[in-house]
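Working notes, structure below.
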Amino acid sequence: MTKKVVVSFLLMMFMFFGLVKANIYVVGDSAGWTSTGQVDYKRWSASKHFQVGDVLLFEFDPKLDNVVRVTKEDFQACNASSPFGTPSTGKEWFSLNVEGHFYFICSVPGHCKAGQNVEILVHSAAPTTSPAASPPAILAPAPSTPSPLSPHSPPDSAPSNGSILHFPSFCFSLGLLVFSMYFVACCY
48 MTKKVVVSFL LMMFMFFGLV KANIYVVGDS AGWTSTGQVD YKRWSASKHF QVGDVLLFEF
108 DPKLDNVVRV TKEDFQACNA SSPFGTPSTG KEWFSLNVEG HFYFICSVPG HCKAGQNVEI
168 LVHSAAPTTS PAASPPAILA PAPSTPSPLS PHSPPDSAPS NGSILHFPSF CFSLGLLVFS
228 MYFVACCY
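For what it's worth, this note's numbering labels the leading residue of the sequence shown as 48, then goes sequentially.
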């Protein structure tokens, strides 16, 4: 019985630390997702290091804007005729489930060409340990084909400022940890 409790506890700790590492990025920071030209989304994206498990939050005025995910070719042409899913309104959450490139545009005519588009490069999750003297890795070109990206249901509220929000991930992880510990204590 003690062995089961120890194994269960270790598994819960791995889950806890794995979930806490995920970040929520508000696209465009405090300006949000807008066509007003306030944000250079290429520069915004380049300043971030997205990893598998992170979440994007697009915040915008649903009367003026939307967001759709498209292929690389459609991104380059600002073509929203074949998006993955339907245009969204309000707040849209996207979970970055795999590494690679993801492309988002506003499908309102003229907005993409005015700069309301963003390419997101997602890296694999950071390793827990790294070799002390390893040579630099050679990166292969990322595929331009779409990768799985799943929309999230938004939480009841989300902070409006800051580009990375750690608190929701932490709360979820802490809740999961407490529930798991309660389950182990009751059932073992």
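Glycine is no exception: its CB is placed at the ideal position from the N, C-alpha and C atoms.
Item	Value
Distance between Ala172 and His158 (C-alpha atoms, nearest Å)	33 Å
Residue(s) in a DSSP beta bridge with Asn70	DSSP output for Asn70 lists no bridge partner at all.
Inter-residue Cα distance where the pair is Asn164 and Ile71	19 Å
Three-way DSSP call (helix, strand, coil) for Ser207 in this model	Bear in mind that the predicted position of Ser207 carries a pLDDT of just 34, short of 50, making it unreliable; the figure below should be weighed with that in mind. Coil at Ser207, not helix or strand.
Exposed unless 16 or more other CB atoms sit within 10 angstroms - verdict on Thr136	exposed
Whole-number beta carbon distance between Gly79 and Glu106, since they are thought to touch under 8 Å	4 Å
Residues of its chain near Val117, where Cβ-Cβ distance is below 8 Å and the 5 sequence neighbours each way are ignored	Asn126, Ala127, Ser129, Pro130, Phe131, Tyr150, Phe151, Ile152
Opposing strand residues paired with Arg116 [DSSP bridges]	Phe131, Phe151
Residue span of the alpha helix (DSSP H) that contains Lys138, given as start and end	Premise fails: Lys138 lies in the beta strand (DSSP E), 138-143, not in any alpha helix (DSSP H).
Asp108, buried or exposed, once every other Cβ within 10 Å from all chains shown has been counted against 16	exposed
Continuous beta strand (DSSP E) stretch holding Glu106: start and end	102-106
Straight-line gap, Leu212 to Val155 (C-alpha atoms, nearest Å)	The predicted position of Leu212 is uncertain, since its pLDDT is 46 and thus under 50; no value can be drawn from it.
Start-to-end residues for the beta strand (DSSP E) that takes in Asn164	164-170
For Phe97, the residue or residues it bridges with in DSSP	Val169
Thr133 classed as buried or exposed, judged by whether at least 16 other C-beta atoms fall within 10 angstroms	exposed
Residues near Phe122 by beta carbon distance below 7 Å, same chain, minus five either side	Tyr150, Ile152, Asn164, Glu166
Nonlocal neighbours in the same chain, by C-beta distance under 7 Å from Asn113, ignoring five residues either side	Pro134, Ser135, Thr136, Cys153, Ser154, Val155
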